[in-house]
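Sequences listed follow chains W and X, in order.
Heads up: the first sequence runs through residues 1 to 596, numbered per full-length UniProt numbering.
Heads up: the second sequence runs through residues 1 to 94, numbered per full-length UniProt numbering.
Step one of this worksheet: look at the structure below.
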Amino acid sequence: QKKNISLRLTMEIVYVYTKKRSEFGRQCNFSDKPAELHVDILPDPSLTDNFIDRDPCDVAIQCTQEMSEHEVNTERFDCEPCGINHVEGGWPKDVNSQEMEQTIRYRKKVEKDENYVNTLMQLGSHMEHCIRQNNTIDIYQEYFEEEEIVEEMEGQPSAKTVNVFRDPNEVKRTATSLSWHPDGSCKLAVAYSSMEFQKVTKDMSYDSYIWDLENTNKPEMTLKPVSPLVCLEYNPKDSHILIGGSYNGQIAYWDTRKGSQPVEMSAVEHSHRDPVYKVIWLQSKTGTDSFSASTDGQVLWWDIRKMSEPTERLVLDPSKKGNLDNALGAFSLEFETTMPTKFMVGTEQGVVVSCNRKAKTPAEKIVCTYSGHYGPIYALQRNPFFPKNFLTVADWTARIWSEDIRDSSIMWTKYHMAYLSDGCWSPARPSVFFTVKMDGTLDIWDFLFKQNDPTLSLKVCDEALYSLRVQDNGRFLGCGSQLGTATLLEISSGLCTLQKNEKALATAMFERETKREKILEACHREMRLKERSRSEQSKEDEAKDGEAEESAEELVACAEREFYEVVEAEMKKRGKDDKKEKEKYEGKDGCKEKES
Amino acid sequence: MLEETLKRIQAHKGVIGTIVVNAEGIPIRTTLDSSTTVQYAGLLHQLTMKARSTVRDIDPQNDLTFLRIRSKKHEIMVAPDKEYLLIVIQNPSE
Numbered sequence: 001q002k003k004n005i006s007l008r009l010t011m012e013i014v015y016v017y018t019k020k021r022s023e024f025g026r027q028c029n030f031s032d033k034p035a036e037l038h039v040d041i042l043p044d045p046s047l048t049d050n051f052i053d054r055d056p057c058d059v060a061i062q063c064t065q066e067m068s069e070h071e072v073n074t075e076r077f078d079c080e081p082c083g084i085n086h087v088e089g090g091w092p093k094d095v096n097s098q099e100m101e102q103t104i105r106y107r108k109k110v111e112k113d114e115n116y117v118n119t120l121m122q123l124g125s126h127m128e129h130c131i132r133q134n135n136t137i138d139i140y141q142e143y144f145e146e147e148e149i150v151e152e153m154e155g156q157p158s159a160k161t162v163n164v165f166r167d168p169n170e171v172k173r174t175a176t177s178l179s180w181h182p183d184g185s186c187k188l189a190v191a192y193s194s195m196e197f198q199k200v201t202k203d204m205s206y207d208s209y210i211w212d213l214e215n216t217n218k219p220e221m222t223l224k225p226v227s228p229l230v231c232l233e234y235n236p237k238d239s240h241i242l243i244g245g246s247y248n249g250q251i252a253y254w255d256t257r258k259g260s261q262p263v264e265m266s267a268v269e270h271s272h273r274d275p276v277y278k279v280i281w282l283q284s285k286t287g288t289d290s291f292s293a294s295t296d297g298q299v300l301w302w303d304i305r306k307m308s309e310p311t312e313r314l315v316l317d318p319s320k321k322g323n324l325d326n327a328l329g330a331f332s333l334e335f336e337t338t339m340p341t342k343f344m345v346g347t348e349q350g351v352v353v354s355c356n357r358k359a360k361t362p363a364e365k366i367v368c369t370y371s372g373h374y375g376p377i378y379a380l381q382r383n384p385f386f387p388k389n390f391l392t393v394a395d396w397t398a399r400i401w402s403e404d405i406r407d408s409s410i411m412w413t414k415y416h417m418a419y420l421s422d423g424c425w426s427p428a429r430p431s432v433f434f435t436v437k438m439d440g441t442l443d444i445w446d447f448l449f450k451q452n453d454p455t456l457s458l459k460v461c462d463e464a465l466y467s468l469r470v471q472d473n474g475r476f477l478g479c480g481s482q483l484g485t486a487t488l489l490e491i492s493s494g495l496c497t498l499q500k501n502e503k504a505l506a507t508a509m510f511e512r513e514t515k516r517e518k519i520l521e522a523c524h525r526e527m528r529l530k531e532r533s534r535s536e537q538s539k540e541d542e543a544k545d546g547e548a549e550e551s552a553e554e555l556v557a558c559a560e561r562e563f564y565e566v567v568e569a570e571m572k573k574r575g576k577d578d579k580k581e582k583e584k585y586e587g588k589d590g591c592k593e594k595e596s
Numbered sequence: 001m002l003e004e005t006l007k008r009i010q011a012h013k014g015v016i017g018t019i020v021v022n023a024e025g026i027p028i029r030t031t032l033d034s035s036t037t038v039q040y041a042g043l044l045h046q047l048t049m050k051a052r053s054t055v056r057d058i059d060p061q062n063d064l065t066f067l068r069i070r071s072k073k074h075e076i077m078v079a080p081d082k083e084y085l086l087i088v089i090q091n092p093s094e
């Protein structure tokens, strides 16, 4: 047996045990030996030079509870606030609260109670202190009222969306009109209808809603008309009454205390024959008068107490003959309570008709017309500070007019890329107005600041915006979109607080522009007169020809002739110039080439 | 003595009415008409309870001593007690 111990430098300790082959199979002879030290590896301190201490040692330990994550969405909890009217106190069982004797007896009993007397004495003295305090000094007095807090312009004008009210129905309709509750900004009435011809489906709802501004989940009240409402207005005198004009031409009015059904509707045979695009409440003693306009060419006056037929009727015939076939379709109405006898109608044909309600004959009712737009006038409003100037919104521009100038507006915005669908003045600042466009943007214009572009332009939504209404404080505005979404926006205070000197500057601006237009009008008139007198002269010369009027074709032929003459003359002139240039050039080079 | 105190309170400048209500909400003494009294008694009782519980929720050692409601038209002052409420409506001098 050979034992072979080898200690290799690779630190592998091997113990080899060998046995001769001839000895295989022999039995084992065990013997006892004292312990032998085979390998003793002493520590080698030089090896520590290959290592450095690591301090600190990062050891990760995981010792947590096992947890799992779940999400739960509960069904929305519908809560309705309601109150109980406490009528009579908690009388004890033996006292009949109706019986005067019993109640008096009970009261007298309580008054004799010692506890009662002591308590009341104490409370009384405390109360007297406060009463005297109130009488001595007003603790809520404004101390520095005279000093006006001068607000610096906080930089950029801005607007932010406060709330969004979506049409709760599956099939969305356009929010065509908005009306603010007359007492402050707490409720908004929105009229919904589908304005696309024949797009109405069977399951499209006819309802319009009144929204409470705090609650966007559910409208506060539903109005159920017979036909979808195109326009809706709160009565400024009585905040419970609303009047609406519907798609089928009828007018209906609601009382919010009486429920969702209209209190009364106008008779179909006496109503409009086309959708009613605008209805406005009039200023009257009874507070029940209103008037409506529709594209059927009529303006009808109504008293809501008797809706069976209109109280007055006006046909918008510019030839003043009351001919319905000739009439202009009305798209918007304007009425200012400070001028109750006048009103204006914006038509489909792009003409604004100014009317006088108190005229004796129907022919005199239509006073004058203002033309200048290319498409239906969707919005028409007088400036609340300068009633002689009014704003119209139509086609791709918004225009400001002066009552005195009939042929053209005095100021206008540039032509936009999208159709403008609604607009209104700010009730707080005379030079600020708002417009909405079919590409879903809201523009806020401040004409004293900038006339080329809106001061602020916001993209409210991706679909077209159809209606706009600013609240009386000038701070909040609501816009309605094609998919029935009414967005409530708040604008920065700079855009709704009257600036220093603003009225004077605005007056100066309007007067200046009006004057400019007047001068232009005078110029045009002069030119026309000159033309007329010249053409009359030429007519006299042509009297031999026997043609009194130049027909349109002749004018065109004449214009063509003149045009070609001018072109040929230009070409000849250019040919001569070219030749001259070439000769000069060749002259420099030194070679001579003669051109024939 | 009590009568004098109450009469004196009522006689102060600007005081419109005085009501004494017990813990059940029954008006014991009033200088206003019965329907107004019942309305004030019921509503202010509930409000005082709410105010008291609010004060005590925030600090259990605290308690409501007086409640004043200033409105556009007048001031309603409520002096509460465990059993009774003294309510005075005053139009502060302006």
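We put the CB at the ideal spot given by N, CA and C, even for glycine.
W/Gly494 sits buried, since 16 or more C-beta atoms from the chains shown fall within 10 Å of its C-beta.
Counted as a single uninterrupted DSSP element, the alpha helix (DSSP H) harbouring W/Asn115 occupies residues Glu114 to Thr136. Chain order gives no chain W residues near X/Ala51, where near means a beta carbon separation below 7 Å; the closest approach is about 15 Å. X/Phe66 sits in coil when the DSSP states are folded into three classes, being neither helix nor strand.
Listed by position along chain W, the residues whose Cβ is nearer than 8 Å to that of X/Arg68 are Cys130.
When DSSP assignments are scanned along the region 433 to 507 of chain W, the uninterrupted stretches of beta strand (DSSP E) that are 3 or more residues long and fall wholly within it turn out to be 441 to 446, 456 to 459, 465 to 470, 476 to 481 and 486 to 491. Annotation: W/Arg54 is outside any alpha helix (DSSP H) and is labelled neither H nor E by DSSP. Think of a sphere of 7 Å around the beta carbon of X/Gln90: the chain W residues whose beta carbon falls inside it are Ile131 and Asn134, in chain order.
At the C-beta level, X/Val21 and X/Ala41 come within 8 Å of one another. Between X/Lys13 and chain W, the shortest Cβ-Cβ separation is below 8 Å. Identification of residues in the region 19 to 38 of chain X having a C-beta nearer than 8 Å to some C-beta of chain W yields Val20, Val21, Asn22, Glu24, Gly25, Ile26, Pro27, Ile28, Arg29 and Val38, given in sequence order. Residue environment for W/Glu348: buried (at least 16 other C-beta atoms within 10 angstroms of its C-beta). Residue contact check for W/Asp138 against chain X: a CB pair falls below 8 Å.
Counting along the chain, W/Pro362 sits inside the alpha helix (DSSP H) bounded by residues Pro362 to Lys365. Assigned with DSSP and collapsed to three states, W/Arg382 falls in strand.
Chain W has no Cβ within less than 8 Å of the Cβ of X/Tyr40. The shortest C-alpha to C-alpha distance from W/Thr485 to any of W/Pro310, W/Gln122, W/Thr103 and W/Ser177 is the one to W/Ser177.
W/Gln65 is classed as exposed because its beta carbon has fewer than 16 other beta carbons within 10 Å across all chains shown. C-alpha of W/Asn248 to C-alpha of W/Thr413: approximately 35 Å in a straight line. For W/Met221, the enclosing beta strand (DSSP E) covers residues Met221 to Leu223. Following the DSSP letters along the chain, one finds W/Glu334 inside the beta strand (DSSP E) bounded by residues Ala330 to Glu334. Closest in alpha carbon position to W/Lys258, among W/Gln283, W/Glu511 and W/His240, is W/His240.
Within the same chain, and ignoring the five residues on either side of W/Asn169 in sequence, the residues whose Cβ sits closer than 7 Å to its Cβ are Ser205. Rounded to whole angstroms, the gap between the alpha carbons of W/Ala267 and W/Asp289 is 17 Å. Taking a contact to require three or more Cβ pairs closer than 8 Å, the region 99 to 106 of chain W and the region 45 to 63 of chain X do not qualify as touching. For W/Ser266, the secondary structure class from DSSP, reduced to helix, strand or coil, is coil. Here the alpha carbons of W/Asn473 and W/Ile405 stand approximately 31 Å from one another.
Restricting attention to beta strand (DSSP E) runs no shorter than 3 residues, the region 287 to 357 of chain W encloses them at 289 to 294, 298 to 303, 312 to 315, 330 to 334, 342 to 347 and 351 to 356, ordered along the chain. Chain X places no beta carbon closer than 8 Å to that of W/Gly245, leaving this residue out of the contacts. Per DSSP, the unbroken alpha helix (DSSP H) holding X/Tyr40 starts and ends at Ser34 to Ile58. Contacts with chain X at 8 Å (Cβ-Cβ) include W/Met121. Collapsing the DSSP output to three states places W/Tyr370 in a strand. For W/Ala398, the enclosing beta strand (DSSP E) stretches over residues Thr397 to Ser402. Under a criterion of Cβ atoms nearer than 8 Å, no residue of chain W is adjacent to X/Ile76; the nearest Cβ is some 11 Å distant.
Within chain W, the residues whose beta carbon sits less than 7 Å from that of X/Thr5 are Met121 and Gly124, listed in sequence order.
X/Asp81 has a beta carbon lying within less than 8 Å of a beta carbon in chain W.
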